[in-house]
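Input: a single structure, listed below in structure tokens.
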Amino acid sequence: MIPEIEKASLADIKLFQEEKLSELLTYLQANSKYYQKVFKEQDVDVSTIKTLEDLVKLPLTSKEDLQKYNDDFLCVPKRKVIDYVTTSGTLGDPVTFALTDNDLERLAYNEAISFACAGVAETDVLQLMTTIDRRFMAGLAYFLGVRKLGAGIIRVGAGIPELQWDSILKFKPTYLIAVPSFLLKLIEYANQHSIDLKESGVKGAICIGESLRNQDFTLNTLAEKITSNWDIKLFSTYASTEMNTAFTECEHQQGGHHHPELIIVEILDEDHLPVVDGEVGELTITTLGVEGMPLLRFKTGDMVKAHTSPCKCGRNTMRLGPVVGRKKQMIKYKGTTLYPPAMDNILNDFQEVQSYIVEISNNSIGTDEICIKIAANNPSEELQQAIKDHFRAKLRVAPKVEFHDAQDISALQFPKMSRKPIKVIDNRK
Ligand SMILES: [Zn+2]
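Position 329 (the sequence shown) corresponds to 328 in numbering that gives the first Met the number 0; numbering is contiguous.
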């Protein structure tokens, strides 16, 4: 099930997207209070925008815009809204996204072709290990996608290894949808309760929330830890509420495939100009086919690299590499540019490290400081030194390392109402 447009030539894909862009601009000009205002203020005549290269002439949309003018982004009367979801905002208040019936259909299509991309077929059964409620988009998207694909789904939800295993043994799912570090908890539970992982029947896991790969697409330490214990195939998928769209790996696992019928991708540098091919930049997206709250040139804050060579799976679409880091979490540390995910890989190399949190702050001379707070099985000066040495070897610099109680780290990681564990606390002014 590969949509025809994904097998088309890059030139044809570009033309296709330009047509969709025109439709979107006409729609925004007619229905979006927010974009009407911005187009007017910035003297934008949407009819002059013909090509993807013209995109740079259009205003960008930031998370702050979305937060400040949230209601003005809604393009339909309220009675057409079916589902409300929220995303945690950067200024504190959550941003609301409203989806119409057509948007839910689009979301189902998006997730169905994403699952199909990862090799999931109609005959498969998937076990959902993420939240489906709590105003969360992803869980619902998975459910709708599986339904559209005609596969089966078991909605277990997040956590509770015992119930997960009960379900795996009872319903024999072939794929799991999970946060990778939770798979480690499942392995641990299986080992403690004499469950034979080889007999589980699970072929693969669609993984969200945490990175599985290094920039060269080899498995990172976390993913290796999983697959060395449990012989399953791990697939990365990258998505967000604002995008309403997922980038999922195919069986060749060389980045998440772009679906040109759903989203336009730009990768921009500091000056908001497209980066040179193959360079890291900020992922900036324009949604296609969204009716409720379409976004034009939305800056996601994620730093990524695009891969444009044709893929062995037959799709010619661009693929996104693993997220290098969050733009605002970029750390300038002792002359090196760092992103927190690089630190995760290093800390995951230590068996003794149970949990940790990275704290970033500024010092009195205005440069960044990093303190890693760790809960360890056997905290010792030797371990502290070994961690610092490993940092120096991998990233050329060593941050401050402190040991804390597991409870204290857990309290920092899971503040009230949080749907995902927090791994970085940024105290920079
Ligand atoms: Zn592919």
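Note that the Cβ used here is the ideal one computed from N, Cα and C, for glycine as well.
- Close CB contacts of arginine 395 within its chain, under the 7 Å cut and outside five residues either way in sequence, are with Thr335 (chain order).
- Segment contact: the region 73-82 against the region 96-107, three or more CB-CB distances shorter than 8 Å; contact assigned.
- DSSP places tyrosine 83 within a strand segment (E or B) once states are collapsed to three.
- Residue environment analysis places arginine 133 among the exposed positions, since fewer than 16 neighbouring C-beta atoms fall within 10 angstroms of its C-beta.
- As computed with DSSP, glycine 324 is found in a beta bridge with Met302.
- Along the length of the region 131-183, whole beta strand (DSSP E) runs at least 3 residues long occupy 151-154, 174-177, reported in chain order.
- Asparagine 376 has its alpha-carbon roughly 46 Å from the corresponding atom of proline 309.
- Exposure of isoleucine 364 is indicated by the presence of fewer than 16 other C-beta atoms within 10 angstroms of its C-beta.
- For glutamine 383, there is no enclosing beta strand (DSSP E); the residue is part of the alpha helix (DSSP H) that begins and ends at 380-394.
- DSSP, read as helix, strand or coil, puts proline 340 in helix.
- Note that the C-beta distance between glutamate 351 and lysine 372 is not below 7 Å.
- Straight-line measurement puts the Cα of leucine 196 at about 44 Å from the Cα of leucine 294.
- In the DSSP assignment, isoleucine 369 falls within the unbroken beta strand (DSSP E) covering 367-375.
- Under DSSP, proline 273 shares a beta bridge with Leu267.
- Tyrosine 33: not part of any beta strand (DSSP E); member of the alpha helix (DSSP H) spanning 32-40, first to last residue.
- Between ligand 1 and arginine 314, a heavy atom-to-CB distance of less than 6 Å is present.
- The three-state reading of DSSP puts serine 227 in helix, counting H, G and I together.
- Of all alpha-carbon atoms in Leu346, Asp343, Gln328, the one lying nearest the alpha-carbon of asparagine 426 is that of Gln328.
- Across the set His251, Leu267, Cys249, His306, the C-alpha of His306 shows the shortest separation from the C-alpha of glycine 277.
- For glutamine 126, the enclosing beta strand (DSSP E) has its first and last residue at 124-127.
- Look at histidine 251: its beta carbon is less than 6 Å from one of the heavy atoms in ligand 1.
- Secondary structure at leucine 98: strand, using DSSP grouped into helix, strand and coil.
- Burial is judged here by how many other beta carbons sit within 10 angstroms of a residue's own beta carbon; asparagine 69 has at least 16 and is buried.
- The straight-line gap separating the alpha-carbon atoms of isoleucine 159 and glutamate 223 is approximately 23 Å.
- Phenylalanine 114 is positioned such that its CB atom lies closer than 7 Å to that of leucine 148.
- Taking 6 Å as the cut-off, the C-beta of cysteine 206 does not count as close to any heavy atom of ligand 1.
- Look at cysteine 370: its beta carbon is at least 6 Å from all of the heavy atoms in ligand 1.
- Contact check for leucine 267 against glutamate 281 passes: the beta carbons are separated by less than 7 Å.
- By a beta-carbon distance limit of 8 Å, serine 235 contacts glycine 255. Their separation comes to about 6 Å.
- Counting only residues of its own chain and dropping the five nearest sequence neighbours on each side, valine 55 has a CB closer than 7 Å to the CB of Leu272.
- Set against 6 Å, the gap from the CB of cysteine 74 to the closest heavy atom of ligand 1 is not smaller.
- For phenylalanine 135, the closest C-alpha among the options Val423, Lys419, Ile48 is that of Lys419.
- Sequence-distant Cβ neighbours of phenylalanine 170 in its own chain, meaning closer than 7 Å and more than five residues away, are Val124, Ile153.
- For lysine 6, the CB contacts under 8 Å within the same chain, skipping 5 residues up- and downstream, are Gly313, Arg314, Asn315 in chain order.
- Valine 423 is positioned such that its CB atom lies closer than 7 Å to that of proline 339.
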